[in-house]
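Chemist: Chains E and R supply the protein sequences, listed in that same order.
For the first sequence, my numbering begins at 1 and goes up steadily by one.
For the second sequence, my numbering begins at 1001 and goes up steadily by one.
Glycine is no exception: its CB is placed at the ideal position from the N, C-alpha and C atoms.
Note that the structure is a prediction, hence the values are computed from the model and not measured.
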Amino acid sequence: TLRQSRIDDFFRPT
Amino acid sequence: ARLPRSAVLKKILDSVKDLVKETNWDCNEEGMSMQALDTGRIVLVEVMLREAAFESYACEVPMTLGIDMEPFGKVLRCAGGDEKVTIKASRNDQDHIELVFENEEKERMSAFELKLMDIDGEHMAVPDAEWGAEISMPSSEFKKIVMDLAEIGSDLTIAVSKLGVTFTAQGNNCKGSMVLQPSTAVDKKSEQVAISFTEPLEMTFAAPYMKMITKAAALSSTVTLSLDEACPICVRYEMEDNAGHIKYYLAPKED
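(1) Does the segment 1125-1140 of chain R come close enough to the segment 1217-1228 of chain R to have 3 or more Cβ pairs within less than 8 Å?
(2) At a cut of 8 Å, does the segment 1096-1106 of chain R reach the segment 1156-1166 of chain R through at least three beta carbon pairs?
(3) Considering only residues of the same chain and omitting the five flanking positions on each side of V1020 of chain R, which have a CB-CB separation below 6 Å?
(4) Smallest Cα separation from E1030 of chain R: which of R:P1062, R:A1194, R:G1080 and R:D1018?
(5) Using a Cβ-Cβ cut-off of 6 Å (strictly less than) and excluding sequence neighbours within five positions of Q1181 of chain R, which residues of its own chain qualify?
(6) Round the Cβ separation of T1039 of chain R and I1067 of chain R to the nearest angstrom and send it over; I've been treating them as touching at under 8 Å.
(7) Pick out the complete alpha helix (DSSP H) segments inside the segment 1185-1225 of chain R, 4 residues or longer, and give them in chain order.
(8) Thinking C-alpha only, which one of R:V1193, R:V1179 and R:M1178 is nearest A1185 of chain R?
(9) DSSP three-state call for K1011 of chain R: helix, strand or coil?
(10) For the segment 1027-1056 of chain R, which residues have a beta carbon sitting closer than 8 Å to at least one beta carbon of chain E?
(11) For I1145 of chain R, report the span of its alpha helix (DSSP H) as first-last.
(12) Is it buried or exposed, T1198 of chain R, if we count other Cβ atoms within 10 angstroms and call 16 or more buried?
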C-alpha cells in the first residue's frame, strides 16, 4: 500500500 | 487594481477554493500573488497575477490582504463575467478592501466591501528543480483523463517513458490506462502534446486531489506537468498575455 506524503516532507518554510 | 473582466478572478477563486479557505494575498509593484497549503498539507498552490493582467495597476507600498474565500466568492458572484473589477486597498484603513464592478454597456456600477482577516501567513520555499520529466498538453485533455480515471480508482499513476506518458488508475474491480504520445501532426501549439524526460519515471498521486487541480483548466488552454522522483508534481497553468499563472504542487503517494 502507498502512503500519502506531505508537502512538508519536501519543502521547508521560508 | 483594475481588471478588464471579473471572469479571471472568478476562475482563480474556483481553482483554489476547494483547497484553501483563507489566504494572504501579497501585493507589490509586480502584481498580486498568493501561496497556500490545503489543511492536509498535501497540495501547495501558488497564484500570480502580474501587473500585465490588469487594465491599470498601482501599488505604492507592499501590502498583505488576508482574504476569506467564502465571502469573497459571494461578492464575486454579484459581478457579471465581462464586467470590470476594481480592487481598492487603503494603507490607512487595512480593515477591508473595496470591490467595484462596472458594466459599461448597461451603465451599471456596483460596490462592495470585504472585511480583511489577520491570517497567520506561512510561506514554503520551493527549490528550483531540475525536473526529470516535463509534459505539456491541452488542459481540457488532462482534465478529461483525470476526471475519467478518478472514477476508476483513487490512485493515479503517471509514467513517462519512450512509449509516451501513461496515466493509470486501478480500482477494486476495474483498471484503466491512457497513453499519450507526442503529437507530430497538430499545428496549433495549444493542441500539442510534448514530452521530454531524462530517465523513465513512474509516480503515483491521489486522484481526488488531482481532480481539484484540473479546475484551473478554465484559466489556460494548456497545462504543463513537471515530475521528478521523490518530489511533488508541479502542475502549471500559464495565463495568456503574460498575465500570470497558477501552480499546484501535489505530494506523491509513496511506498
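Modeler: From the atom records:
(1) yes
(2) no
(3) Shown here for V1020 of chain R: same chain residues with a beta carbon closer than 6 Å to its own, the five before and five after excluded, namely A1036 in chain order.
(4) R:P1062
(5) G1164
(6) Rounded to whole angstroms, the Cβ separation of T1039 of chain R and I1067 of chain R is 17 Å, and the two are not in contact under 8 Å.
(7) 1207-1213
(8) R:V1193
(9) Look at K1011 of chain R here: in three-state DSSP terms it is helix.
(10) L1037, G1040, R1041, I1042, V1043 and L1044
(11) Run containing I1145 of chain R: S1139 to I1152, per the alpha helix (DSSP H) assignment.
(12) exposed
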